[in-house]
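So the protein sequences, as listed, match chains A and B.
If you count the first sequence from 1, position 312 lands on 312 in full-length UniProt numbering, and the numbers rise without skipping.
If you count the second sequence from 1, position 41 lands on 41 in full-length UniProt numbering, and the numbers rise without skipping.
Comments concern the structure below.
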Amino acid sequence: MKTSLFKTLAHQVKRQAGRLFALGLAVGVVASMASAGTAEAHGEKSQAAFLRMRTLNWYDLKWSKTQINVNEEFTISGKLHIMNAWPAAVAEPRVAFLNMGMPGPVAVRKTSFIGEQFVPRSIALDKAKTYAFAMTARGRRPGRWHVHVQLSVETGGPIPGPGQYIEIKGSMADFTNPVTLLNGETIDLETYGINKIYVWHFLWMLAGAVYIGWWFKKGGFVGRFNAVANGEQDTIISPQERTAGAVVLAVTLLVIIVSYAVTSSQYPNTIPLQAGNIRNLTALPDLDSGLKVKYVRGSYQVPGRELVAEYIITNNGKEPVRIGEFGTAGLRFLNPDVFTQKPEYPDYLLADKGLTLSDNAPIGPGETKNITVTIKDARWDTERLSGLAYDVDSSFAGLMFFFTPSGERYPIETGGFVIPTFLPV
Amino acid sequence: MFRGKPTKAGPVTESISASPGIEGGAGASAPVRAADAGAADRSWPVTGTPFKNRAEATFLVSAADTLLLISLFLIVLGGYHIHAMLTMGDWDFWIDWKDRRFWPTVLPIVLVTFPAAAIYYFWEHFRLPFGATFCVLGLLVGEWINRYVNFWGWTYFPISLVWPTALVPMALFLDLVMLISGSWIITMIVGAMGWGLLLYPSNWPILAPYHLPMEREGLVMSLADLIGYEYVRTSMPEYIRIVERGTMRTFGKDVVPVAAFFSGFVSILVFFMWWYVGKLFSTTKYMAKI
């Protein structure tokens, strides 16, 4: 009896199992879709913490506008410090490219400068140097787009910097991209030459299709397979067909030769693609701060999202200085005693009260102080920099900004090994 | 599961030669599909035929032809397209990669593969001289769908940045040499050489306007360079481009013919290998157990 009952139950379960599984799967899929949020940018967070902290430091970033119309231009400018702490795991930026990170060409890049040099090609940058940069783009596709600065390094890959939302209004149909050629002619680069592309491709593809269709109509696959299988391979193509083929061949070659000759006479002055690296870029001059900043030791508290770093700082300058900011991987940790107003900067990267000092008094000229700097904010975690506790050489780097009463600012690169404190298990 | 159970009656054999659905099956000189299938039914019934009448035979053969044509086209479109994207890749994707050295060298060499195999298949089994054109047309249909829907429709790269290389004239040359010569050796030597030589001149009418010079901020750039620079590709730093690199300086600025001849020579070798690839896979012996 028992056996029979179990058998019946097992049979029922077996019958319903597939349906239940399918139902559960459907519920799961619908539930996960319902909870899905809007796709956002910030893919740069996926890069390893050491890569973002120890390769570059972007600062003084400014987006000239965050709302523009189609055909209107905006500029991203700022400074780019190539860290001396550049990790051994990444190739040095001897071949690099200053780029924009955006979802497709929502804006067309009109210029990009390092210092005074226009850099549409690859560039060579030096470690421990700081470069001023500026990029201008013209609004093309309406929408709200996250636009990043980015430096790509050969064999190292792209290293995106901070991003800002740019809202472009209007209609893409109104977008124009006038360019003046060396011969004085002005063209619209957005549409230039496209009809010619369509016409030539269409004509050649039509010719190919007609050629295939013509042969296909002569017996199709089955009929011709039959014929070849029955030994008619030498007679199935007639001499007239071969002659017609020769004529088509001659016409094909004639079209190629004539179109080439006509095009060459139509465009007598063409140049090859331009390539090659741009070297000897001018870096910003080193500031004579008179500061000596010695990193002693540090620890990173994974549970508290807190970096504690001990320094011995000697001020050999003429003015007292205060530590006002620590910047790394695009994040800005500010000392609220120095920054009394919140600066304009993407909020997801700005910890306006993220930096505290063991001694907040200015360091006077000729004075040496032991200062413990605490850099604490949830953005360590949200920007995935807390991963430094799991890096291969567990160290950090960034720029420490010192301020004087007269308004001078000295960015000093700093960093070193840290001892991680992990989450209690 | 495809193996039939043995029956006492034994296997039914269908003689291809007895199939009268096509005029010019066995014993006929020209395999022409019957034009007046309904009217010319006086020869039926034919012994051993699986068809009820000539109309049914004509319809079914025509349907089989059409299905095969569409299937093969889609197979070639998918297979050749993937092969092309993985091998020629950026040289065909972007206008600022279409240089005088690598573009006319790389593309013919990596693209002569499928056409060589297809020429074997279509020529040896059907005496149809359109293997290369068939492949190239499939590739271009796939590429245009990709470039228009993905590159333009999705990410708004202008077509001037992403147009595919025109390949039909090269393919026609290859096929027509096969047709006229009837020899795969001549097709390999003359056709594959022409395949390599014709890429640049065939595409020059499209490309030339984009090689006009302009000046920006003290640098001279071709329009092709400018399009590549202005229409931002976040994951395409300039140094990725392999443009005019190498030491081939002996011929001054006339590097295209040298590159094209080199490409033609290598295309001959690749054609040779892929002809045998075609031979290897143009068989039903792998299906013998199915």
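Backbone N, C-alpha and C fix where the C-beta goes; we use that ideal spot for every residue, glycine too.
Asked, Found
"Same chain, Cβ closer than 6 Å to Ser112/A, neighbours up to 5 away in sequence not counted", "Leu98, Val119, Met135"
"Burial state of Asn57/A (16 or more Cβ within 10 Å)", "buried"
"Three-state secondary structure (DSSP) of Asn370/A", "strand"
"Ala207/A: contacting residues in chain B (beta-carbon distance under 8 Å)", "Val168, Leu172"
"Cβ-based burial, Arg144/A [other Cβ within 10 Å; buried from 16]", "exposed"
"Under 8 Å by beta carbon: chain A residues contacting Pro104/B", "Residues of chain A passing the Cβ test: none, with the nearest at roughly 12 Å."
"Inter-residue Cα distance where the pair is Glu344/A and Asp60/A", "10 Å"
"Neighbour flag for Leu51/A against chain B, beta carbons, 8 Å", "no"
"Closest by C-alpha distance to Ala389/A, when choosing among Ile271/A, Lys292/A, Gln150/A, Ile419/A", "Ile419/A"
"Arg216/B at chain A interface by Cβ criterion, 8 Å", "yes"
"Endpoints, beta strand (DSSP E) assigned at Ala224/B", "Not the beta strand (DSSP E): Ala224/B falls in the alpha helix (DSSP H), residues 223 to 230."
"Interface residues of the stretch 255 to 272 of chain A facing chain B [CB-CB below 8 Å]", "Val255, Ile256, Ile257, Ser259, Tyr260, Val262, Thr263, Ser264, Gln266, Tyr267, Asn269, Thr270, Ile271, Pro272"
"Nearest residue (CA-CA) to Asn360/A, options Thr314/A, Pro336/A, Lys342/A, Ala351/A", "Pro336/A"
"Within 8 Å, strictly: CB atoms of Leu273/A and Ile227/B", "no"
"Trp58/A Cβ short of 7 Å to the ligand ATP heavy atom set", "Absent from the structure shown: the ligand ATP. Ligands present: none."
"Close Cβ partners of Arg52/A (< 6 Å) along its chain, the five nearest in sequence each way excluded", "Ala329"
"The alpha helix (DSSP H) enclosing Phe225/A, as first and last residue numbers", "220 to 229"
"Cutoff 8 Å: Ser183/B Cβ touching any chain D Cβ", "Among the chains of the structure shown, chain D does not appear; the protein chains present are A and B."
"Closest by C-alpha distance to Ser222/B, when choosing among Ser71/B, Ile95/B, Leu68/B", "Ile95/B"
"Identity of the residue in Met273/B, Pro115/B, Leu161/B, Phe73/B nearest Ala171/B by Cα", "Pro115/B"
"Residue environment, Met33/A, which counts as buried when at least 16 other CB atoms sit within 10 Å", "exposed"
"Helix, strand or coil at Lys169/A according to DSSP, with G and I counted as helix", "strand"
"Endpoints, alpha helix (DSSP H) assigned at Gln240/A", "239 to 266"
"Nearest-angstrom Cβ-Cβ length linking Trp184/B and Trp275/B, presumed shorter than 8 Å", "6 Å"
"DSSP beta-bridge partners of Thr186/A", "Thr180/A"
"Residue-chain proximity (His125/B, chain A), Cβ-Cβ < 8 Å", "yes"
"Which of helix, strand or coil DSSP assigns to Gly317/A", "coil"
"Of the residues Pro237/B, Ser181/B, Met88/B, Glu238/B, the one placed nearest Thr165/B, counting alpha carbons only", "Met88/B"
"Min CB distance Met188/B to chain A below 8 Å", "no"
"Any C-beta of chain A under 8 Å from that of Glu244/B", "yes"
"Reference Tyr179/A, options Ile168/A, Gln233/A, Lys169/A, Tyr192/A, closest by Cα", "It is worth fixing the name first, because residue 179/A is Val in this sequence and not Tyr. That would be Tyr192/A, whose Cα lies nearest to the Cα of Val179/A."
"Amino acids of chain A, ordered along the chain, whose beta-carbon sits closer than 8 Å to that of Val220/B", "Leu182, Ile271, Gln274"
"Euclidean distance between Cα positions of Gln233/A and Thr155/B", "50 Å"
"C-beta atoms of Ser386/A and Arg332/A nearer than 8 Å", "no"
"Proximity to Trp97/B [Cα-Cα], best of Leu72/B, Val162/B, Val61/B", "Val162/B"
"Span of the alpha helix (DSSP H), counted from its first residue to its last, around Ala179/B", "The sequence shown places Leu at residue 179/B, not Ala. That run of the alpha helix (DSSP H) goes 168 to 181."
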